[in-house]
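These protein sequences, in sequence, are chains R and P. Here my numbering is used: the first residue of the first sequence is 654, the next is one more, and so on. Here my numbering is used: the first residue of the second sequence is 50, the next is one more, and so on.
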Amino acid sequence: MNSLIRDSLDHCVKCTICETFCPVSQATPLFPGPKYVGPQAERYRGAGASVDHSVDYCSGCGICTQVCPQDVKIAEINSRARAKMWERRGVPLRNQLIARPTVIGRLGTPVAPLANWALHNRTIRGVVQSVVGIHRDAPMPSFAGKTFQRRSRNHHGPQSAPAVVYFHGCGTNYYEPLVGEMTVAVLEHNGFRVIVPPQDCCGLPLQSNGNFPAARTYVRRLVDHLAPHARAGLPIVANSTSCGLMLKREAHEILGIEDDDLKVVSESMYDLCEFLLHLHDRGELRTDFGSLPMTVPYHAPCQQRGHGIGKPALDLLALVPELQMIELDADCCGIAGTYGLKKEKYDISMTVGKRLFDDITATGSDLAACDSETCRWQITHGTGVKSVHPIELLYRAYGLDRPTRAAPLGTAATVSG
Amino acid sequence: MSYDTVVVGAGLAGLTAALRLSERRRRVLVVARGVGATHLAPATVEVLGYLGDNRVLSPAASLPALSNGHPYGHVSVDQVTTALAWFCAHTASLGYAGSLDENMLLPTPIGVPKPSAFAPRSMAGGDVRNGGRFVFVGLRGFKDFHPMLIADNLRHARLPQPIETRALELEPPASRMGDLSGRVIAGRFDTQNLADWLVGALDGRTDADERIGLPAVLGLRSGDAIWQDLEKRLQRRVFEVATLPPSLPGIRLYQALANALRVSGAHIVLGVRAVGTRAVGGRIEAVEVANATGTVTYPVTSVVLASGGFASGGLELDSFGTTRETVFDLPLIGLAETDRVRFAPHYFDAQPLATAGVATDDLLRPVDGSGNPVYENLHAAGAILGGATPWKEKSGTGISVVTGYAAAEAILAPAARPVPEAVG
């Protein structure tokens, strides 16, 4: 696989299509563009140290690979080059820290009120920026306190129904457990028994921060939890589009993991909206939706588009009476996972996201929808508009909030910064 | 999701076919490995520029000379006219100008007058047919536009009327962006009022009867409006000249079509690959598309193949000399005989594989050696069609628009479609 990715650079015809789409190279001169840093520079990256460190400014959004008509794996080449560079230079402490959401989650959860106070405290954030290098204004979600894993232990759903496995990811576990509960509720409403296996980080943040060995360890650990279910023929659904894509493709393509367990997990993995739309295609999705008389702009995150499944969220939400979705066409919100948290990249990420922020603001809506959690936090940070996973709209349209009188739309996450 | 039609390819032909179908309420999915040649080509529509070595003055008058083996041989001049009128109406943000009755002669990035039937109105002022005085203005540091080369070559070009040209180079205001790409400059026109600077920098440097040719980078989101504003403020005829790739007018065209598709409810999925079909009795029942995880099967009632030629990977020549159509493995015409060389010694010679592609019937359905459709519900459009030499004829964009539209029409009303008048 290593060589397949590298060999794809020979397909590059220098057409510049990736350059016209790259959101980062249009925001900063520090990143000379995917064609230069990817297929062109890769030719000069032999065994020795590369003198060019601009690859660190690639955000890894993956748009270049999506639009390349010649199948050059540009983002993947960059990701591997970045890992090689950090392998030689040593991954800095900051990048080691922000790339381990489970570690942060486990540290912050027991002391959630204190941790959240610290995250909102300007002075502390200023100190963190100087000492650690996380930008003081970067969007940080609040710890929920009680994790989704803990909450789901006390949940007793139907036992006899067909089963589906839920891969909720770290964002849901530590910061947005309500999104997890809504996902479970919608799946159960459609007659499923939802299995929530113990699970850890998928390794994506470590991969994007260039620590491949640690990323591989996380992938293996997660796959150990999921593979038995996949082997039993159960579908796995993920509400985090980036973590889902990690298991579908990137762990194999970028980290180079060749593993039967990973393979069977990949093949069983569905994005949540993709899964629900498949149900609908088979006539198995319940459509007892109540009206949601509102207009909501929708942003399909870069990693969602990387699945190559279209925009199933829009197809699903089109089933909800009186709900009008506005499909936005801005490419990227800028955050790219942990990219926009870094003090030297925060301004770039906000410049990248400006087009999306402006488009959302122009709709006049006080709510936006987006599948990926870090993108939602960035959208809220950049616009002041609350941002929800599409599942929250479906949950509301099904009327599943009525028995519990859940909080108003968009309260699943609180973002500081 | 169920779709009526899957369109393979997101270039000009695929987008045209998709939009025509989608506006007629067909559910359309466009799948493509990536973006097509729109981002590279100048967005002008070349219907027919040359027949042999002769420059075509009127495409409408010359189209009937093309034989049935040519993609245009399957459509009447009326159909060409209808398709192009539809195209111009659906790309209003670019404001296409021109006519099928006479070709403009628009300067290329190396100063060759290229016969084009239609062009975005921001480019149409570059028509050199009637002679006159032209000044080409470059931006120092922008390496994809060379005004002196254009001015010099146009002076030596074979033109119906005498022409006077000169070049100017301006120093754009400093930018924190290092490399000046067309995309970056266009962004500055959109957001930083680069037009104000340009008006000031050109003050007193042109004569009232000179036309001003600028690189086609006058903004991406508001290119047409910026061009109109410049014409008004400079009180000169101003026009955009195609640059080396990427092409900003081409990106505007892609965005106009993609936006129209989005509004009409069609879906575009990039970065995936159509890999095969499920067919029953000569009819495609479903298209198989490879994405991040594996293969998704989309049931369809019809398919448009607009995957492009060799350059876009719709056709492939392997190292053993075998040429194949890469999606459905369709029969091809225009192949070199096996015992002959596959490349002519000189680049601009008649290349043996130049006209390779699929042959179709008049409903643009790919046919086998005996002229029977391979699948009754598969239609082809654009550069995958054999029998043309687009680079030489200057017919590529015209073929894409016309056959994309005609393929959609064949799907919409196969029975009601009139028998085309014999064009050749």
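We put the beta carbon where it would ideally sit given N, CA and C, even for glycine. A quick note: this is a predicted structure, and the numbers were derived from the prediction, not measured.
DSSP state of residue i, grouped into three classes?
i, result
"Asp660/R", "helix"
"Cys1023/R", "strand"
"Leu149/P", "coil"
"Phe942/R", "coil"
"Arg873/R", "helix"
"Gly231/P", "helix"
"Arg322/P", "strand"
"Val96/P", "coil"
"Ala437/P", "coil"
"His808/R", "coil"
"Ser919/R", "helix"
"Ala966/R", "helix"
"Ile333/P", "strand"
Could you give the distance in angstroms between the alpha-carbon of residue i and the alpha-carbon of residue j?
i, j, result
"Leu412/P", "Val290/P", "36 Å"
"Glu470/P", "Gly118/P", "Note that Glu470/P scores a pLDDT of 48, beneath 50, so its modelled location is shaky and nothing firm can be said."
"Val780/R", "Asn774/R", "10 Å"
"Cys985/R", "Val818/R", "30 Å"
"Phe597/R", "Ser712/R", "Given a span of 654 to 1070 for chain R in the structure shown, any question on residue 597/R remains unanswerable."
"Ala265/P", "Pro209/P", "25 Å"
"Thr409/P", "Asp1000/R", "54 Å"
"Arg391/P", "Arg414/P", "27 Å"
"Val872/R", "Gln977/R", "38 Å"
"Leu247/P", "Pro401/P", "48 Å"
"Ile234/P", "Gly268/P", "7 Å"
"Ala983/R", "Ala206/P", "43 Å"
"Ile399/P", "Gly60/P", "Before going further, note that residue 399/P is Ala rather than Ile in the sequence given. Computed Cα separation, rounded: 26 Å."
"Ile889/R", "Phe191/P", "50 Å"
"Leu279/P", "Arg182/P", "18 Å"
"Leu381/P", "Glu906/R", "34 Å"
The alpha helix (DSSP H) spanning residue i covers which residue range?
i, result
"Ala307/P", "Leu297 to Ser313"
"Ala977/R", "Per the sequence shown, residue 977/R should be read as Gln rather than Ala. Careful: Gln977/R lies outside any alpha helix (DSSP H), inside the beta strand (DSSP E) at Leu976 to Glu980."
"Pro766/R", "Ala765 to His773"
"Leu1009/R", "Tyr999 to Thr1016"
"Asp705/R", "From DSSP, Asp705/R is part of no alpha helix (DSSP H); its letter is neither H nor E."
"Gly63/P", "Leu61 to Glu72"
"Thr755/R", "Pro754 to Gly761"
"Tyr697/R", "From DSSP, Tyr697/R is part of no alpha helix (DSSP H); its letter is neither H nor E."
Report yes or no: is there a C-beta of chain R within less than 7 Å of the C-beta of residue i?
i, result
"Ile433/P", "no"
"Val324/P", "no"
"His88/P", "yes"
"His139/P", "no"
"His195/P", "no"
"Arg301/P", "no"
"Leu474/P", "Residue 474/P is absent from the structure shown; chain P starts at 50 and stops at 473."
"Ser361/P", "yes"
"Ser84/P", "Per the sequence shown, residue 84/P should be read as Val rather than Ser. For Val84/P, the answer is yes, since a Cβ of chain R falls inside 7 Å of its Cβ."
"Pro209/P", "no"
"Pro348/P", "no"
"Asn340/P", "yes"
Return the first residue and the last residue of the beta strand (DSSP E) that residue i is part of.
i, result
"Pro162/P", "Pro162 to Ser165"
"Met922/R", "Met922 to Asp924"
"Val79/P", "Val77 to Ala81"
"Ile848/R", "Arg846 to Ile848"
"Lys1039/R", "Lys1039 to Val1041"
"His428/P", "Leu427 to Ala429"
Distance cutoff 7 Å, beta carbons only. Does residue i sit that close to anything in chain P?
i, result
"Arg902/R", "yes"
"Ile757/R", "no"
"Thr1016/R", "no"
"Val890/R", "no"
"Asp968/R", "yes"
"Gln719/R", "yes"
"Ser919/R", "yes"
"Glu980/R", "yes"
Pull up the CB-CB distance for residue i and residue j, whole angstroms please, since I reckon it's below 8 Å.
i, j, result
"Cys671/R", "Pro294/P", "Rounded, the Cβ-Cβ distance is 12 Å, inconsistent with contact."
"Lys964/R", "His316/P", "7 Å"
"Arg939/R", "His808/R", "So it is not a contact: roughly 20 Å between Cβ atoms."
"Lys189/P", "Glu151/P", "Reading off the sequence, residue 189/P comes out as Arg, not Lys. Arg189/P to Glu151/P, Cβ: 37 Å. No contact."
Any heavy atom of the ligand NAD inside 6 Å of the beta-carbon of residue i?
i, result
"Val817/R", "This structure simply doesn't include the ligand NAD, nor any ligand for that matter."
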